[in-house]
Every structure is written in structure tokens, then in C-alpha cells.
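> Everything in the sequence shown is counted per the UniProt record's numbering, starting at 1 for the first residue and increasing by one.
The beta carbon of each residue, even a glycine, is placed where N, CA and C say it ideally should be.
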Amino acid sequence: MSKNVKIQFENKNTECTITALERSKDNLLKDGDNLGEIIDELKCGEWTTNVDSETLKTMSKGLQPTDLLEKLQGLDINNTRRTTTAKMS
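1. State buried or exposed for Leu29, treating a residue as buried only when at least 16 other CB atoms are found within 10 Å of its CB.
2. Taking the beta carbon of Leu72 as the centre, do at least 16 other beta carbons fall within 10 Å, making it buried, or is it exposed?
3. From Glu37 to Asn4, what distance separates their C-alpha atoms?
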């Protein structure tokens, strides 16, 4: 009987973990879609106006929620590192 209870407990914990991972995956996909849309909007903004990139970044900061802005900054840092590393190779 105790083996059966242990297996049921582990099964329930595994199901909870799977559910949490699925939620996390969905959130990451939504964030990725949102970031893709923001990048597209920024690219369109750069192509349609003759504004330097610093001005565009400043303008876009006021239009974005803080958490998205932080994610964009993190992605920008990672891209800069990758570009620098690729140039060194």
C-alpha cells in the first residue's frame, strides 16, 4: 500500500511540475511574440523616420512597460556580446 501511495504522490508532484512548466512556456512564447512585435515596430519607426537610434530608443522607452523594457535591454546586451565575440573569432 505504501508503494502505491508514494507513486501517487510522485505522480501528483510531476503533474504539478508539468503544469507549471507549460504555463512558463506559454508566458515565454507570449513574451517572445510581444518582443517580436516591438522589434518590428522599432524597425518600421527607423525606416519611416530619419531619427537616430538613440532618439528612437528614448521615445520607445516611454511607450513600453518596465518589464518589457528590461527584457529588451537584456536581449540587446546579449546581442552585443554575441556580435563582439563573433567579430573576435
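Once the coordinates are examined:
1. Counting Cβ neighbours within 10 Å, Leu29 comes out exposed, since fewer than 16 surround it.
2. Answer is buried; the Cβ neighbour count reaches 16.
3. Between Glu37 and Asn4, the C-alpha separation is close to 49 Å.
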